[in-house]
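Everything on this sheet refers to the single structure shown next.
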Amino acid sequence: MNYTKYDYRFFAEVAEIIGKINGGNPKALMETSSFYEMYEEDINFVQHYPPAYWADFIIEECENSGCLART
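Heads up, the sequence shown is in our numbering, so the first residue is 9 and it goes up one at a time.
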C-alpha cells in the first residue's frame with residue numbers, strides 16, 4: 009500500500025503516544041502488532057478511532073503476545 013502524508017502523520021501520532029506510555033521503540037511495536045495489517049484492510053475503521061486508542065491497542069497486543077514485558 010502506498011501511504012500518504014496523512015497516513016504517516018497518523019502513524020507518527022500513534023508512535024509518539026506509545027513512546028510516552030511505554031518508551032522503547034514505538035515503531036518496532038507497531039510493526040510487530042497487527043496495526044499496519046488492520047490499517048491496510050480497513051483504513052476507515054482504523055482512522056475512526058483516535059491515535060491514543062491504537063497506542064493502547066498496540067501495547068496491549070504486544071504484552072499479550074509476549075513481545076513486550078508487562079509494566
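Think of the CB as a built atom: it goes at the ideal place given N, C-alpha and C, for glycine as much as any other residue.
Only a predicted model underlies this, so the values are computations on that prediction, with no experimental measurement involved.
{"Asked": "ASP50 (DSSP reduced to helix, strand or coil)", "Found": "coil"}
{"Asked": "Cβ neighbour criterion (16 or more within 10 Å) applied to ALA20", "Found": "exposed"}
{"Asked": "Cβ neighbours of LEU37 in the same chain (closer than 8 Å, five flanking residues each side left out)", "Found": "ILE26, ASN30, ILE66, ILE67, CYS70, CYS75 and LEU76"}
{"Asked": "Close Cβ partners of SER41 (< 7 Å) along its chain, the five nearest in sequence each way excluded", "Found": "ILE66, GLU69 and CYS70"}
{"Asked": "Environment of PRO59 [buried if 16+ CB atoms lie within 10 Å]", "Found": "buried"}
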